[in-house]
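Comments concern the structure below.
Protein chains in written order, with our numbering: chain A, 721 to 1074; chain B, 721 to 1074.
Structural data, given as structure tokens:
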């Protein structure tokens, strides 16, 4: 080790899902939306002019903040935007979790939470899900430095009823409770409605899943205005201009295309419900999912074996080699055609194996 | 103060220059390039398809990393990219400055350095420029936790000879020396050539100035591969996908348009040299600038007065209300026409005042 390496922050980074290219790949591994963004969104990108590229973008991202505020019926000083919800969450960890007490989040959850805690040297304690993958309210009603709960949880897809989340938020007035709602639009009930009652609540959402815009990198958060101001202070201490001219144009256009957005949302949900039935018929076990993926295990065939067999067929799903969930596959909801290919393959594979 | 506020990271954020809109504004306040990016760059943005928006971008940003590596003749594991050089620098501070000793940078320099140090609680000591705004080599040849030197320096525009920078890099093998080359393309000599000799050197550059792309947010860094790996580990612990599909397409196309890029660069430099003469004729004093701005004082008229008079005419320049430089204006180099309007106004204003 050379001398300068002693001062380096050593971390264990997050590993994102594979991004395979090439024709014929069925990509059900990173919870992307199978449908394109609205045509008007694409046009908005095409209309970004030379002058917008040449100049710095609006550092306050105001067109996008205003569009979100208008759509969700909140004042704009209650809205924060970032480079995907990962950026919003990273900034939130850095801003709000500076006490000495450990923050709490589930043991089986989005695997970036412990990475951010590691990066910023935030002490944390994972709270085990119960045997049915439920987040137990009592685990989060205790002295701590902050709380992060994804709802619905990933990769399990299980939704926690809003009344139970409210119990947790209410029991923790002295710390910030982050509800990570990356998948909320696919059927869950948002904690946004609790904002007027609790000043310690931050609700984080994203354009990457329900709005078909993972490629442009937009996430956002809602909270009381003091909380959003603190978050913006940290953002302005990190990078004045996080949102590009392209992201501002695309995000603002996407909010306007509400009809299209709801139509694709409806299609994903309809496919998910059908796939649930098909997977059940094939013997898969899973909790009811309110997200755009299903987290399923088969009692007769190890998940790892299925994962590899699917990959050979150019069908990518996500497998986590981690205690308690290493016999599950996380399967994103694709188009009907894509899901049919998946189901037919599983049918054949499991049939031959019997 | 509510209880949760005790755990909040309190910071004093950076204040970016104004981004005034509207026709008739002459914007010489944020060192943007007055010329648009190449037509092919705009076309590349327009060709970003629905599928690229829908899916997550390549987390390793490989098309852009490869384009930069190819252009600058370095292996790609020596190249890091981020959301503007602010993102690259913020990540670098977080990655490399974790010792207990103070890091060193000039007292008059890019005003984000002390903001990042504040954000990450990094101790720092500012080293005063000499009376002619030179960075003194001896100040940086001492025990410290790291070094950041902008070359040319901003807002002074003064370049430090490469041999003197090498002395500093060589004197500090135990810490990382960051050379921030945001303005290097306008005439300075890059420290990139020193990379084979020093494993403690990080050279940071940006697409925002010389490549006319402040709006799309791309910065990059060169260093030895171990250093770049550490930087990427921190990046992957912060946000897997920092570079959008739009940024990847635009950045890659910009690197290919080398002829156009050199032509606009030449135009900016030619205008700068002419403006130097004009400002001298009007009695302004300034150090010779190798950047795309001139940092000038007038012995007979306070900078603040000029700043406000110019603003009334819709001509925006940058004024810093800070000790030692509060009688200077930082004037970005615009088009010839824009600079003519500026010069004519100054001529008239100073003439009337005599």
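Even for Gly, the Cβ is constructed at its ideal location relative to N, Cα and C. Keep in mind the model is a prediction, meaning the values are calculated, not measured.
Among the bridge pairs identified by DSSP, residue 1021(B) is matched with 1018(B). Around the CB of residue 781(A), 16 or more other CB atoms lie within 10 Å, so the residue is classed as buried. In the three-state DSSP reduction, residue 730(B) falls in the coil class, being neither helix nor strand.
For residue 774(A), the closest Cβ of chain B is nearer than 9 Å. Of all residues in the region 731 to 745 of chain B, the ones placed with a Cβ closer than 7 Å to any Cβ belonging to chain A are 731, 733, 734, 736, 739, in chain order. For residue 956(B), the chain A residues whose Cβ falls inside 7 Å of its Cβ are 733, 734, in order along the chain. At the C-beta level, residue 816(A) and residue 737(A) stay beyond 9 Å of one another. Separation of residue 976(A) and residue 932(A) (C-alpha to C-alpha, rounded to the nearest whole angstrom) is 14 Å. Chain B has no Cβ within less than 9 Å of the Cβ of residue 787(A).
By a beta-carbon distance limit of 8 Å, residue 811(A) does not contact residue 819(A). Their separation comes to about 17 Å. Going by beta carbons, residue 1059(A) and residue 991(A) fall inside the 9 Å limit. The DSSP-derived three-state label of residue 739(B) is coil. For residue 1053(A), the closest alpha carbon among the candidates 967(A), 926(A), 903(A) is that of 903(A).
Secondary structure of residue 745(B) (DSSP, three-state): coil.
Nearest C-alpha to residue 901(A) among 1067(A), 1011(A), 886(A), 1024(A): 1011(A). About 41 Å separates the CB atoms of residue 936(B) and residue 1023(A); that is not less than 8 Å, and the two are not in contact.
Per DSSP, the beta-bridge partners of residue 925(B) are 940(B).
With fewer than 16 neighbouring CB atoms inside 10 Å of its own CB, residue 767(B) falls in the exposed class. Within chain A, the residues placing a beta-carbon under 7 Å from that of residue 766(B) are 766, ordered along the chain. Taking CB atoms only, residue 1059(B) has no neighbour in chain A less than 9 Å away.
With a threshold of 16 other beta carbon atoms within 10 Å, residue 775(A) meets it and is buried. Between residue 891(B) and residue 861(B), the C-beta spacing is below 9 Å. Interface criterion not met: the Cβ of residue 1045(B) is under 9 Å from no Cβ in chain A. Of the residues 1062(B), 1035(B), 950(B), the one whose Cα lies closest to the Cα of residue 729(A) is 950(B).
The beta-carbon of residue 822(B) is placed no less than 9 Å from the nearest beta-carbon of chain A.
Per the coordinates, the alpha-carbon of residue 1063(A) lies some 13 Å from the alpha-carbon of residue 1014(A).
The beta-bridge partner set that DSSP reports for residue 1049(A) consists of 1016(A), 1039(A). CA-CA distance, residue 1073(B) to residue 997(B), rounds to 21 Å. The beta carbon of residue 838(A) sits closer than 8 Å to those of 731, 732, all from its chain and outside the five residues before and after it, given in chain order. Residue range 844 to 847 is occupied by the beta strand (DSSP E) that includes residue 845(A). Here DSSP, grouped into helix, strand and coil, assigns residue 828(B) to coil.
If the five residues before and after residue 980(A) are omitted, its C-beta is found closer than 6 Å to the C-beta atoms of 758, all from its own chain and listed in chain order. Counted as a single uninterrupted DSSP element, the alpha helix (DSSP H) harbouring residue 806(A) occupies residues 804 to 816. Between the alpha carbons of residue 796(B) and residue 778(B) lies a distance of about 15 Å.
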